[in-house]
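These notes concern the structure reproduced below.
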Amino acid sequence: MYSSELIKGTLKTIILKLLSDSDEMYGYELTQRVKELTGGKIQLTEGALYPTLHALEAQGVLSTNVVNVGNRIRKYYSITPTGKQLANDKVNEYADFIHTMTFLLGLKPNMG
Amino acid sequence: MYVLDKSQVDYILNDIRRNGIETEELQYNLLDHICCVVENEMSPDMSFEAVYANVLPRFFKHQLREIQEETNLLLTFKNYYAMKKVMINSGLFTAVTFTVGSILKLLHLPGAAVLLILGIASMSFVFLPLFFLLKSKEEKVKSAKVILGTGVVFGILFCLSTLFKVMHWPYADLMWFFALGILFFVFLPLFYFTGIRKPETKMNTILASIMILTVGGLLFTLTNLRSSLNKDSAISAANAYYARCLDRTESSNIHKYTQQNIDLLQVKNDALKHEVEAIIGTINGVKNGFYAHLSEGEKITELELCNRLNGDFESVANYFFKQSNMNPEEDALKSHLPNLKAALEKFKEFVGNNYTKDVASILDVEGGKRLYKTGVKQVSWEYLCFNAVPFEVAVRNFNQLELSIRIIESSCIQ
């Protein structure tokens, strides 16, 4: 498990990327997918996930679809065209960030 | 897999609500998520309550409320930039419209009123409220928020009272005194006594308080300029004198009419009386219309109206002239004054024909000379008496007309 500070800065990127790779997902599904893809190394906390989802929805980056499931309501999130663009930008930015950090922290000094 | 029944789902939902999650969408999001986790971890031999009690604490560090607070923060953070942008733009808009509006007002050019209203409205209703919202978010201490709030209320009232004063709308003075009251008796004490307690803000607080007191005092001094008691007394005295003269002349005329017992002269007097009543009716008609227009139909004394208009030339000119640029060559007349002038000239002719030209000449609608920066100009009677004159002067000119008619009447009765 990584520290929550590390994850906090990348939360938006993770959500946007996962949603742009699938039609729609709900909150629990997102956490499970991340857990599964990272072998449990990254676990999204609900306390950070839902506020971010709401903010992205308010920004118009995500759209929602409400479905009745058994005795409760489930809110599916999908990405909008502007969201797709943002997801791309975020992933590229992050890739660049990793590159810079690798150099900065001297992980592979011969790189760069 | 275990599926939660309706009562269990309701139980969780109620618990979420009880724990401070207010947004409905967030409630349903969390409900679904908790249900998913509980259903995954539940086995037939376990009690729902125990699993739930075990699952819930994973959602927060201290309290479930944190999720609501974090959501609110993220949502308002997005608005924060939009609000800041609107605030800055409305501030710029006010600065531009207010400056241009004031210059136009000073030069008596059209568009001044619209710009001033727009500028002050954007200041009072957009800039200052947003300023309060954004700044009060930054202030952590409650007293700082209260000080900011009273300061903003003062600012809004101050702007509005200035607008009302410039536009000659009612309650401008009331708002003005209310604004000053808030400044001196609420804002300043709060500001001073809060700031002076902390050693690091003590000096600045004292300096700022002195500045506020000085500027506030200057503003209060300006209030005196807004309506002078001397002017009020002078107008009241002039009104009383005019009323007395008119009253005496009228009753003396009535007495004179009754003295005449020769039939032929009585007929002539009746004709005179008829003409006099007609022309006085016309004068009062125009005067009352003018009065009603400026007071906007409100029942208000001449003195109050005079103070409200506060020497404003334009309101008077705009009632009588189509395009009032305060220039005798450019201003076109509306029909009020030409109609009145025609009636006055007719009356003058009547007096000249039936009595003497000398008496008729008491009534003067010839116009006269007026001094301008560029020199002396000959201007018409309408322009001389009713354009670019304060309200009280226009009223005085109407009164003078009425009195002249009564004096002519007095000299003509046989």
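As given, the protein sequences belong to chains A and B, one line each in that order. Start counting the first sequence at 7; every next residue gets the next number (my numbering). Start counting the second sequence at 21; every next residue gets the next number (my numbering). In this text, a Cβ means the ideal position worked out from N, Cα and C, and glycines have one as well. Only a predicted model underlies this, so the values are computations on that prediction, with no experimental measurement involved.
Measuring CA to CA, which of the options is closest to residue i?
i: F213/B; options: F198/B, S229/B, R390/B and H128/B; result: S229/B
i: D52/B; options: I36/B, S67/B, R268/B and F418/B; result: I36/B
i: R426/B; options: V296/B, G40/B and E402/B; result: V296/B
i: V72/A; options: G66/A, A64/A and S84/A; result: S84/A
i: N74/A; options: M7/A, Y32/A and L24/A; result: Y32/A
i: E412/B; options: L360/B, D332/B and F340/B; result: D332/B
i: G111/B; options: T170/B, V146/B and E86/B; result: V146/B
i: F174/B; options: L124/B, G236/B and T394/B; result: G236/B
i: L183/B; options: S163/B, V134/B and K218/B; result: V134/B
i: F80/B; options: M66/B, N99/B, L50/B and M62/B; result: L50/B
i: F340/B; options: S163/B, K354/B, K251/B and V161/B; result: K354/B
i: F310/B; options: L323/B, L357/B and K276/B; result: L357/B
i: L148/B; options: N338/B, V161/B, L177/B and P77/B; result: L177/B
i: V57/B; options: G46/A, E35/A, T44/A and L92/A; result: E35/A
i: S359/B; options: E316/B, L266/B, N304/B and E334/B; result: For the record, residue 359/B in the displayed sequence is Asn; it is not Ser. Of the listed residues, the one whose Cα sits closest to N359/B is N304/B.
i: A254/B; options: S271/B, E322/B and L314/B; result: E322/B
When the Cα atoms are used, what is the spatial distance from residue i to residue j?
i: E11/A; j: S181/B; result: 52 Å
i: I48/A; j: Y101/B; result: 31 Å
i: F205/B; j: T117/B; result: 32 Å
i: T225/B; j: F207/B; result: 13 Å
i: I202/B; j: G301/B; result: 49 Å
i: L136/B; j: L55/A; result: 49 Å
i: Q279/B; j: E349/B; result: 50 Å
i: M103/B; j: L154/B; result: 8 Å
i: A352/B; j: E402/B; result: 11 Å
i: V385/B; j: I282/B; result: 34 Å
i: E369/B; j: H128/B; result: 38 Å
i: G395/B; j: P410/B; result: 21 Å
i: E59/B; j: G171/B; result: 55 Å
i: I433/B; j: K366/B; result: 18 Å
i: R80/A; j: L33/B; result: 13 Å
i: V29/B; j: T96/B; result: 30 Å
i: M117/A; j: D29/A; result: Legend: pLDDT at M117/A = 47, less than 50; position of this residue unreliable, value from coordinates given subsequently. About 37 Å.
i: P209/B; j: T234/B; result: 14 Å
i: A312/B; j: R416/B; result: 16 Å
i: G53/A; j: E86/B; result: 7 Å
i: H294/B; j: G372/B; result: 16 Å
i: M107/B; j: E159/B; result: 18 Å
i: K41/A; j: N99/B; result: 32 Å
i: K319/B; j: S163/B; result: 44 Å
i: L68/A; j: G89/A; result: 6 Å
i: N419/B; j: K307/B; result: 9 Å
i: S144/B; j: N39/B; result: 39 Å
Per DSSP, residue i is paired with what?
i: T70/A; result: Y83/A
i: V75/A; result: R78/A
i: Q434/B; result: Bridge partners of Q434/B: none, in fact.
i: L391/B; result: V396/B
i: Y32/A; result: Y82/A
i: F20/B; result: Missing from the structure shown is residue 20/B; chain B here goes from 21 to 434 and no further.
If we define contact as Cβ-Cβ less than 8 Å, is residue i a contact residue for chain B?
i: T86/A; result: no
i: M117/A; result: Because M117/A carries a pLDDT of 47, less than 50, the predicted location of this residue cannot be relied on, and no value is offered for it.
i: A64/A; result: yes
i: S9/A; result: no
i: A93/A; result: no
i: A101/A; result: no
i: T19/A; result: no
i: N74/A; result: no
Looking at chain A, is there any beta carbon in it that lies within less than 8 Å of the beta carbon of residue i?
i: C55/B; result: yes
i: E90/B; result: yes
i: D35/B; result: no
i: N49/B; result: yes
i: I87/B; result: yes
i: V23/B; result: yes
i: F80/B; result: yes
(request) Specify whether the region 107-121 of chain B and the region 60-73 of chain B touch according to this definition: at least 3 beta carbon pairs, one from each stretch, less than 8 Å apart. (result) no
(message) Is it the case that the region 50-67 of chain A contacts the region 42-52 of chain B, given that we only count it when at least three CB pairs across the two stretches are under 8 Å?
(response) yes
(request) Please determine if the region 11-30 of chain A and the region 76-92 of chain A are in contact, where contact requires at least 3 C-beta pairs separated by less than 8 Å. (result) yes
(message) Give me the subset of the region 55-71 of chain B whose CB atoms are less than 8 Å from a CB atom of chain E, sorted by chain position.
(response) No chain E is present in this structure, whose protein chains are A and B.
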